[in-house]
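Its first residue numbered 1, the sequence shown is counted upward by one per residue in our numbering. Think of the CB as a built atom: it goes at the ideal place given N, C-alpha and C, for glycine as much as any other residue. Have a look at the structure below, then the notes.
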Amino acid sequence: MKTLFVGAGSMAHALLNGALEARVLEKENVYVTNRSNRQRLTEVTNHFGVNGVHAPLPSHEPFDVVILAMKPKDFHSAAPAVKHFLTGGTLVISVLAGIGIEQIREALSFNGAIARAMPNTSASVGRSATAVTCNGSLSEKQREWTMKFFSSVGLAVEVPEEQMDLITAVSGSGPAYIYYVAEMLEKAAVDLGLHSELAKALIRETISGASVMLEKSGLEAEILRKNVTSPGGTTEAGISVLDKYGVSEAFTHCVDAAKNRSKEMGSELLLNRVK
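This is the structure:
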């Protein structure tokens with residue numbers, strides 16, 4: 001599959017790493033371009049041994065797959081150049097937060113196969129949780145290839161597009177919530193007397209171990225939590241304080257705010273394009 005990555009940032013790097021290792025892509029058939037950062041483009045092409053295409057994009061044969069991996073704010077300005085690489089048989093894949101399939105179709109004047117995906121930054125270690133939604137123009141072969149492509153960097157599931165803003169808030173932003181918990185636990189440990197490096201080592205291994213338990217035990221998170229929480233014990237004392245300060249409700253508001261922001265981003269980009 002002759003494939004063009006439009007954008008050479010961290011997500012493009014992670015997807016390239018997974019897809020090349022899984023042999024979903026062959027490096028001689030991969031082309032990467034970005035608009036301004038030539039140093040970054042050179043780093044990516046040298047690292048993977050793929051082909052670099054400097055902007056402005058030259059006339060080129062159409063691609064089987066075009067992956068939109070630029071910053072969402074740059075999409076509409078890049079769209080006119082991207083159009084030239086599309087034919088009726090091209091598969092367009094977007095990993096742009098907040099931009100829907102219909103917006104992509106209109107901006108590219110393209111009525112063919114479009115898939116929208118929301119990976120997360122854990123793709124860089126092969127552990128992304130990626131939601132994928134496709135329009136009705138994908139062939140079965142294109143749909144299978146798309147799921148195989150995203151499975152190369154972790155879990156990939158197909159969902160209806162109306163769920164994408166919520167999924168962006170849950171698993172797209174999710175790693176940051178876990179990092180925030182780690183950050184706050186480390187701060188609390190240091191504030192209460194532990195050495196910083198010891199606190200980091202203990203907390204990171206604790207989170208890693210809990211993640212493996214969630215993955216391999218077959219038990220719900222609630223059951224695992226209750227198994228650790230002995231009546232009258234230290235864990236119960238700590239959890240009761242989290243409940244007192246409304247941490248459960250805070251997480252609901254957190255996800256809701258991120259979901260609403262995902263919707264707003266799409267609307268803002270559309271308004272800016274109209275202006």
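- Here LYS148 is exposed, its C-beta having fewer than 16 other C-beta atoms within 10 Å.
- Every beta strand (DSSP E) stretch that sits fully inside the stretch 134–175 and reaches 3 residues is listed by chain position as 154–158.
- Under the 8 angstroms Cβ criterion, the stretch 71–80 does not count as touching the stretch 14–22, having fewer than three qualifying pairs.
- Closest in C-alpha terms to ALA176, from the list VAL255, ALA201 and LEU4, comes VAL255.
- Under the three-state reduction of DSSP output, LEU25 falls in the coil class, being neither helix nor strand.
- Take the alpha-carbon of VAL95 and the one of MET164: they are about 11 angstroms apart.
- Here DSSP, grouped into helix, strand and coil, assigns ARG35 to coil.
- In the displayed model, ALA107 falls within a helix according to three-state DSSP.
- In the three-state reduction of the DSSP assignment, ASN51 falls in the strand class.
- Contact between the stretch 201–219 and the stretch 175–191 is present: three or more C-beta pairs spanning the two stretches fall below 8 angstroms.
- GLY136 is positioned such that its CB atom lies no closer than 8 angstroms to that of GLY112.
- Distances from the CA of SER36 to each of GLY9, LEU91 and ASN46 were compared; the closest alpha carbon is that of GLY9.
- By the C-beta criterion, the stretch 103–117 is judged to be in contact with the stretch 80–87, since at least 3 inter-stretch pairs fall below 8 angstroms.
- Taken through DSSP and simplified to helix, strand or coil, MET118 comes out as strand.
- Taking the CA atoms as reference points, LEU4 sits about 41 angstroms from GLU220.
- Counting C-beta pairs with one atom in each stretch, the stretch 143–162 and the stretch 37–53 have fewer than three that are closer than 8 angstroms, which means they do not touch.
- Per DSSP, the unbroken alpha helix (DSSP H) holding VAL241 starts and ends at 234–244.
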